[in-house]
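See below for the structure under consideration.
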Amino acid sequence: SSSSSSSSSSNWKQFYTDSCIEKERDYWDPVWVQKVVDVWQLTPELTDKLYELAHRLSDVKCHMKYRPDVIVRYLKARPNDIDEAEAWFRRMLEDWKGNRDGIFDHYDPPRLFFSCCPSGLLTGLDRENDAILVDRRGQQDLDTILDNYTEEDILMHFTWRSEFMIEGPWRKIYEEREQRPVGRILMIQDLKGLSRKHFTKKMLDLFGRIVKLSQSMYPENVKKIIIIRAPAIFRICWNVCKHLFRPKVQKKMIICGSNYQQILEKYVDPKHLPSCFHPEGQGTLMKPFMFKGLDEE
């Protein structure tokens, strides 16, 4: 019943106020949880489900991922199936026990990845005050990467980048400055330079593994994917790759034509964009994503 649900939610809120360990207390403070609710635009029903899901996961509350801003991602991915949301979160924690545990301590991303796979967070935010990830996929030199590293090395680097977007040192700076949790990220995919060399069987197999990892381990990490400067070959290749993306992810994609600057302006103040994307652009990269060629045409 509605009153029963309200009572249960109240009890769970009291549970976190009274018993959470000190380092988690700030994140489960009702004021901070409400900010998570606001950022993710949760309905009262989903807010109750967030507390219920957190209660179910209370046996792992000492884990660094046990925060409302992380748990909510799994809830939003499965809003109508809290059992699956819980199972999904637990699968993530099991995988975390491997190479992801303490990744910022034991993994130092090779500089070659930044030059051959130019991708990184901008220092500016979008119009909703969310972070912006620029991925210059058309400039990727995966041949050089594959000559020097294994596919597992590449997946590890992708994992590091994905973890950085949620757990990197910038998160606490953002939380302090914006007084709100990190939400979903706006991704700008620049495909200028894309060619047949990016679509060999080996490249497509690797791309498929990266997409699978992204969708299974990092749900609701990205709110919108704006694809710009795509050459004609993209249409052919998209038909080959489209099936890799879940329908919900496909709905987040905006494939721009020649009017891409106007579309970018809708989501981002031009001054925060790289100058190669917009004539008013002054955007810079957040450390450590200091790859060369951010502004190169």
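Take any residue in the sequence shown, note its place counting from 1, add 5, and you have its number in the working numbering. We put the beta carbon where it would ideally sit given N, CA and C, even for glycine. Computed from a predicted model, the values in this text were never measured in an experiment.
Beta-carbon within less than 7 Å of residue i's beta-carbon, same chain only, minus the 5 sequence neighbours each way: which residues are those?
| i | result |
| --- | --- |
| Phe239 | Leu196 and Leu199 |
| Asn153 | Leu117 |
| Met291 | Gly125, Leu126, Leu127, Thr128 and Trp175 |
| Lys81 | Trp45 and Glu225 |
| Trp165 | Ile108, Tyr112 and Pro114 |
| His162 | Pro114 and Phe118 |
| Ile260 | Ile232 and Ala235 |
| Asp216 | A small fix is needed here, since residue 216 is Val in this sequence, not Asp. Cβ neighbours of Val216 beyond the five flanking positions: Leu249 and Phe250. |
| Glu183 | Asn134 |
Put residue i into one of helix, strand or coil per three-state DSSP.
| i | result |
| --- | --- |
| Val254 | helix |
| Gln194 | strand |
| Asp140 | strand |
| Leu290 | strand |
| His283 | coil |
| Val273 | coil |
| Lys102 | helix |
| Lys229 | strand |
| Glu27 | Because Glu27 carries a pLDDT of 38, less than 50, the predicted location of this residue cannot be relied on, and the following value inherits that uncertainty. Correct three-state label for Glu27: helix. |
Would you please state the rounded distance, in angstroms, between the beta carbons of residue i and residue j? I believe it to be under 8 Å.
| i | j | result |
| --- | --- | --- |
| Arg132 | Tyr272 | 6 Å |
| Gln194 | Asp140 | 5 Å |
| Leu278 | Gly262 | With a Cβ gap of about 18 Å, Leu278 and Gly262 do not count as contacting. |
| Asp135 | Lys228 | 7 Å |
| Tyr71 | Trp93 | That belief does not hold up - the Cβ atoms of Tyr71 and Trp93 are roughly 14 Å apart, past 8 Å. |
| Leu147 | Met208 | 6 Å |
Less than 8 Å between C-beta atoms, sequence neighbours within five positions excluded: which residues of the same chain meet that for residue i?
| i | result |
| --- | --- |
| Pro73 | Tyr32, Trp33, Trp37, Val38, Val41, Leu55, Ala59 and Pro186 |
| His283 | Gln266, Leu269, Glu270 and Pro275 |
| Gln255 | Lys247 |
| Met222 | Met97, Asp100, Thr164 and Ser167 |
| Gly286 | Pro275, Lys276, His277, Leu278, Pro279, Ser280 and Asp300 |
| Gln145 | Cys121, Cys122, Pro123 and His203 |
| Asp210 | none |
| Ile178 | none |
| Met69 | Glu172 |
So the alpha helix (DSSP H) residue i belongs to, where does it begin and stop?
| i | result |
| --- | --- |
| Lys315 | In this structure the chain extends from 6 to 302, so residue 315 is not present and cannot be described. |
| Tyr179 | Trp175 to Glu183 |
| Arg116 | Arg116 to Cys121 |
| Asn264 | First-last for Asn264: undefined, no H or E at that position. |
| Thr164 | Glu156 to Glu172 |
| Gly213 | Lys206 to Met222 |
| Arg78 | Pro73 to Ala82 |
| Leu58 | Pro49 to Arg61 |
| Lys40 | Pro35 to Val44 |
| Asn1 | Shown here, the chain extends from 6 to 302; a query on residue 1 therefore has no answer. |
| His111 | Ile108 to His111 |
The beta strand (DSSP E) spanning residue i covers which residue range?
| i | result |
| --- | --- |
| Ser124 | Ser124 to Leu130 |
| Val187 | No beta strand (DSSP E) contains Val187, which DSSP labels as neither H nor E. |
Tell me which same chain residues have a C-beta within less than 6 Å of the C-beta of residue i, skipping the five on either side of it?
| i | result |
| --- | --- |
| Gly5 | With the chain running from 6 to 302 in the structure shown, residue 5 is simply not present. |
| Ser13 | Bear in mind that the predicted position of Ser13 carries a pLDDT of just 37, short of 50, making it too unreliable to give a figure here. |
| Ile137 | Leu127, Asp131 and Leu191 |
| Phe64 | A small fix is needed here, since residue 64 is Asp in this sequence, not Phe. Excluding positions up to five away in sequence, the list is empty. |
Is residue i near the ligand FMN - that is, is its Cβ less than 7 Å away from at least one heavy atom of it?
| i | result |
| --- | --- |
| Asn134 | The ligand content of the structure shown is nil, which means the ligand FMN is not present either. |
The segment 174-188 / the segment 35-46 touching (three or more Cβ pairs under 8 Å): yes
Should the segment 81-90 be called in touch with the segment 109-123, which here means at least 3 C-beta pairs below 8 Å? no
If we count Cβ pairs, one from each stretch, closer than 8 Å, do we get three or more for the segment 261-272 versus the segment 226-237? yes
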